[in-house]
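If you number the sequence shown the way the working numbering does, the last residue is 274 and the count never jumps.
Quick reminder that beta carbons are idealized off the backbone N, C-alpha and C, glycines included.
Quantities reported herein were computed from a predicted structural model and do not represent experimental measurements.
Following: one structure in structure tokens, then a few remarks.
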Amino acid sequence: RAKAEFETRICYFESEMDDHARERRSMAHDLWEAVEQGSFELAYQVQKNVASGAVTGYEVLLRWDRPGHGRVSPADFIPIAEECGAIGAIGAWVLKTACIEAASWPEPHKIAVNVSGLQLSQVELVDLVKMVLFQSGLAPERLELEVTETAIIADKKRALATLRQIRDMGVSIAIDDFGTGYSSLETLRSFPFDKIKLDRSFMAEVETSEQSKAIVRAILALGRSLSVPVLAEGVETQEQLDVLRVEGCTEAQGFLLGRPGRMNWPEADMLMFA
Ligand code: C2E
Ligand code: MG
Ligand code: MG
Ligand code: MG
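Quick look at the structure:
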């Protein structure tokens, strides 16, 4: 009987696996189609100086309405895009479109573009950045790349060389999601960077947990001793912002300061859609 039960379970497991694999294949297919049809959009989320409230830049966030499924989070489709090879084309579209759009803004704000670890280990990224800056006419100082040290950085030496060359052009580098998973002290030691983005999981607990607050304080101190600004992600409440002000955090980003949306010039308010 145990064997029968075991076999039933195996069968169930295999059909689950099939469903999962089928869904990934189907999403990969839809992603390639979206690349061909250019059906992605960009949302922008404001970043502000904590002390002055001044705008310091906008993070560029990819948006995709998958036919028959509605909006899908980039957290869900970026890994599939990396797996199926579409990330190169998608990443190039994001970089090019963001630079062209930002170049036409009446205010010369910075834009922060997320770059997949997979793109980082491709030498083409250097040429791509060079090309989009040239094509768009955007000043390199207005471009920042947000990178996470992901498991897929196959060749660290190459990623490092890529980052150095990009930085030499005048483009800045931010370490995204700092404090979690793959973005850690090892990243700080080995990567050239200009900003630390504190993962939003710390904000969620900064008011209720003394431990989280102590960690935030330590990371802010780390930023100060490295002379690198720290941006806190996921700021949703005034209380969180107050803590950041008291603790001397440089910049903040989150729903409290502005949701991701289309830029709506000349007022620079955001038409919310994300
Ligand atoms: P991320 O780079 O850490 O981006 C910040 C995420 O936090 C965004 O989610 C944003 O909408 C969300 N967020 C902002 N403020 C708040 C807040 O106050 N509370 C909460 N709960 N969330 C907030 P989104 O747009 O769904 O993106 C998820 C992730 O997908 C990004 O995390 C980034 O890793 C990736 N991603 C987005 N766009 C791109 C892209 O163009 N290229 C690549 N390679 N990855 C991207
Ligand atoms: Mg980011
Ligand atoms: Mg982040
Ligand atoms: Mg993230």
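If you run the structure through DSSP and keep just helix, strand and coil, what is residue i?
i, result
"T56", "strand"
"M27", "helix"
"D155", "coil"
"K96", "helix"
"E107", "coil"
"F191", "coil"
"R245", "helix"
"M169", "coil"
"L257", "coil"
"S209", "coil"
"A277", "This structure does not reach residue 277, given that the chain is present from 1 up to 274, and the question cannot be answered."
"V129", "helix"
"S184", "coil"
"T237", "coil"
"K122", "Position check: residue 122 holds Gln in this sequence, whereas Lys was assumed. In this structure, Q122 counts as coil in the three-state DSSP scheme."
"A139", "coil"
Which residue wins for smallest C-alpha separation from residue i, given the options the options?
i, options, result
"I78", "D19, Q119, G248 and Q211", "Q119"
"E36", "G88, D76, T56 and H20", "G88"
"G68", "M27, K195, T97 and V55", "M27"
"A221", "F134, H20, L241 and C249", "C249"
"K130", "A92, E101, K156 and V147", "A92"
"A329", "I215, R66 and A139", "A query on residue 329 cannot be resolved here, the shown segment of the chain reaching from 1 to 274 and no further."
"E205", "I215, K197 and V147", "I215"
Across which residues does DSSP place residue i in a beta bridge pair?
i, result
"R71", "D65"
"Q45", "E59"
"A252", "K48 and A232"
"I196", "I175 and V230"
"F40", "W64"
"P112", "This sequence places Ala at residue 112; Pro is not what is there. E59 and E144, per the DSSP bridge assignment."
Given that a residue counts as buried once 16 or more other Cβ atoms are within 10 Å of its Cβ, and exposed if not, what is residue i?
i, result
"N264", "exposed"
"E59", "buried"
"Q211", "exposed"
"D177", "buried"
"M169", "exposed"
"P260", "buried"
"G38", "exposed"
"L226", "exposed"
"P229", "buried"
"G53", "exposed"
"S104", "exposed"
"D19", "exposed"
"E207", "exposed"
"Q238", "exposed"
"S116", "buried"
"Q253", "buried"
"Q135", "exposed"
**Request:** Specify whether the region 103-117 and the region 44-58 touch according to this definition: at least 3 beta carbon pairs, one from each stretch, less than 8 Å apart.
**Result:** Output reads yes: the region 44-58 touches the region 103-117.
**Message:** Would you call the region 64-80 in contact with the region 124-136, where contact means no fewer than 3 C-beta pairs closer than 8 Å?
**Reply:** Result no; under three Cβ-Cβ pairs closer than 8 Å.
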